[in-house]
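K.L.:
For the sequence shown, our numbering gives the first residue as -12, with consecutive numbering after it.
Attaching a single structure in structure tokens format; questions to follow.
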Amino acid sequence: MSEEFALPSAPVPIPPESAGEMPTADGAKPAAFDFAGHQGTPLAPIRWSVVLLFVLVAAQVAFAFGSSWFAHRSGIMRGLSADARALVLLGIIFVQYLPPLAFIALWARKRGARLAETFAVRRFSVRAGIGLAVGLAFAGRVFGLQYAVFMTQLGIKAPEVTDVTRLFPSSAVGVMATLLTAVVFAPLAEEALFRGVIFPGLRDRWGQFAGMLVSAGLFALVHFSWFQFIPIFVLGAMLAWLTSSTRSIWPAIICHAIFNGTAVALLYMLRALGVTG
């Protein structure tokens, strides 16, 4: 079989002595923060198959839709109070994130990779990492608002979608469920998958630029919003660069949580002011 038609190889573990703070091309350990993205040093402890990375994204989408279908068809929330339905829905949302992440953990463990390294859960330069996370979160939010204004000026109306604050009641339990979903579950799970595994795997195979663009594109696609594709794509690229520069997903998680949190706060504020129903 010729090389161009060969099947993708299985993930190959990087030797333990090179995992974690991996040396640069000249043998020195990478700095805690690097605007160049620690070029020349791998981010993933194993060399992932590109096909498998795409399958993991597809699996995440399938479980998301599958759990929604199950909740609708099973009638599991029928007859429950509003708060009880909110708690059940919160549990379904939490569970839908688990299968791909659990598969990644088991796959990596069988290949000798540490769990923290597999998801890029590493120490980082706190001052630089958090500072950039906050700055990029607000930059992404401002860009998203400006993009929406620009699209409106072009006469392109945003489609009617159910925002996360509408999934749950306005009670204390509902607000708690909204915050857990948008500010805790989504940032942790999506960053673990997209910036902890997908981006490092693509970057180590295809390079920094291609890894950022492709992982950001996948991240935007799985949100299934043509209107918000560009803002989400920009956010995904920024989160990938932040992960590459700090060698950790923690700053990306913080950035993602602030980005989502500001949106939730804005939606609740608009409702309180009577701007939205």
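Glycine is no exception: its CB is placed at the ideal position from the N, C-alpha and C atoms.
Determine, using beta carbons only, whether L299 and F186 come nearer to each other than 8 Å.
P.N.:
Residue numbering for the chain in the displayed model covers -12 to 264; residue 299 lies beyond these limits and cannot be assessed.
K.L.:
What are the boundary residues of the alpha helix (DSSP H) that includes A100?
P.N.:
Taken as a continuous stretch (DSSP letters only), A100 belongs to no alpha helix (DSSP H), as it is neither H nor E.
K.L.:
Does the beta carbon of G62 come closer than 8 Å to any beta carbon on chain C?
P.N.:
Among the chains in the structure shown there is no chain C, since it carries only a single protein chain.
K.L.:
Quick check: the Cα distance between Q83 and A179, rounded to an integer number of angstroms?
P.N.:
So the two alpha carbons sit approximately 14 Å from each other.
K.L.:
I'd like the span of the alpha helix (DSSP H) that includes R128, first residue to last.
P.N.:
That run of the alpha helix (DSSP H) goes V113 to Q140.
K.L.:
Within its chain, find whatever has a CB closer than 7 Å to the CB of L123; leave out the 5 residues flanking it on each side and keep chain order.
P.N.:
M225, L229 and C242, listed in sequence order.
K.L.:
Do you know how far the Cα of A120 is from the Cα of G248?
P.N.:
The alpha-carbon atoms of G248 and A120 are separated by roughly 13 Å.
K.L.:
Pairs of beta-carbons, one from the stretch 98 to 110 and one from the stretch 192 to 204, closer than 8 Å: are there three or more?
P.N.:
With the cut-off at 8 Å, the stretch 98 to 110 and the stretch 192 to 204 do not touch.
K.L.:
Residue ranges of each alpha helix (DSSP H) run of no fewer than 4 residues wholly in the stretch 57 to 98, ordered along the chain?
P.N.:
Counting only runs of 4 or more, we get 69 to 83 and 85 to 97.
K.L.:
Taking the CB atoms as reference points, tell me whether T105 and P174 lie closer together than 8 Å.
P.N.:
Not a contact, by the Cβ cut-off of 8 Å.
K.L.:
Does the beta-carbon of F52 have 16 or more other beta-carbons within 10 angstroms, so that it is buried, or is it exposed?
P.N.:
Per the 10 Å Cβ criterion, exposed.
K.L.:
Looking only at its chain, what residues have a beta carbon closer than 6 Å to the beta carbon of A71, apart from the 5 residues adjacent to it on each side?
P.N.:
So no residue of the chain qualifies.
K.L.:
Can you give the beta carbon distance from V44 to V209, rounded, assuming they're within the 8 Å contact cut?
P.N.:
Right, their Cβ atoms sit about 6 Å apart.
K.L.:
Taking the alpha carbon of R153 as the point to measure from, which residue in L76, A176 and R192 has its own alpha carbon closest?
P.N.:
That would be L76, whose Cα lies nearest to the Cα of R153.
K.L.:
Are the Cβ atoms of A135 and A145 separated by less than 8 Å?
P.N.:
Yes, Cβ-Cβ distance for A135 and A145 is below 8 Å.
K.L.:
Taking the alpha helix (DSSP H) that I185 belongs to, which residues open and close that run?
P.N.:
Here I185 belongs to no alpha helix (DSSP H), and DSSP marks it neither H nor E.
K.L.:
Kindly give me the distance between the Cβ atoms of A164 and A244, rounded to whole angstroms, as I take these residues to be in contact under 8 Å.
P.N.:
About 16 Å; that fails the 8 Å criterion.
K.L.:
Which two residues bound the contiguous alpha helix (DSSP H) that contains G198?
P.N.:
Element bounds for G198: Q195 to L208.
K.L.:
Is it buried or exposed for I236, if we count other Cβ within 10 angstroms and need 16 for buried?
P.N.:
It is buried - the Cβ of I236 has at least 16 other Cβ atoms within 10 Å.
K.L.:
Alpha carbon to alpha carbon, how far is R234 from L30? Give it in angstroms, no decimals.
P.N.:
Their backbone Cα atoms lie some 7 Å apart in a straight line.
K.L.:
Given a cut-off of 8 Å, decide if A169 and V148 are closer than it, judged by their beta-carbon atoms.
P.N.:
Contact: no.
K.L.:
According to DSSP, which residues form a beta bridge with R258?
P.N.:
Looking at the DSSP assignment, R258 forms no beta bridge with any residue, so it has no partner.
K.L.:
Where does L253 land, buried or exposed, given buried means 16+ other C-beta within 10 angstroms?
P.N.:
So L253 counts as exposed.
K.L.:
What three-state label does DSSP hand R109 in the structure shown?
P.N.:
In the structure shown, R109 sits in coil (DSSP, three-state: anything other than H, G, I, E or B).
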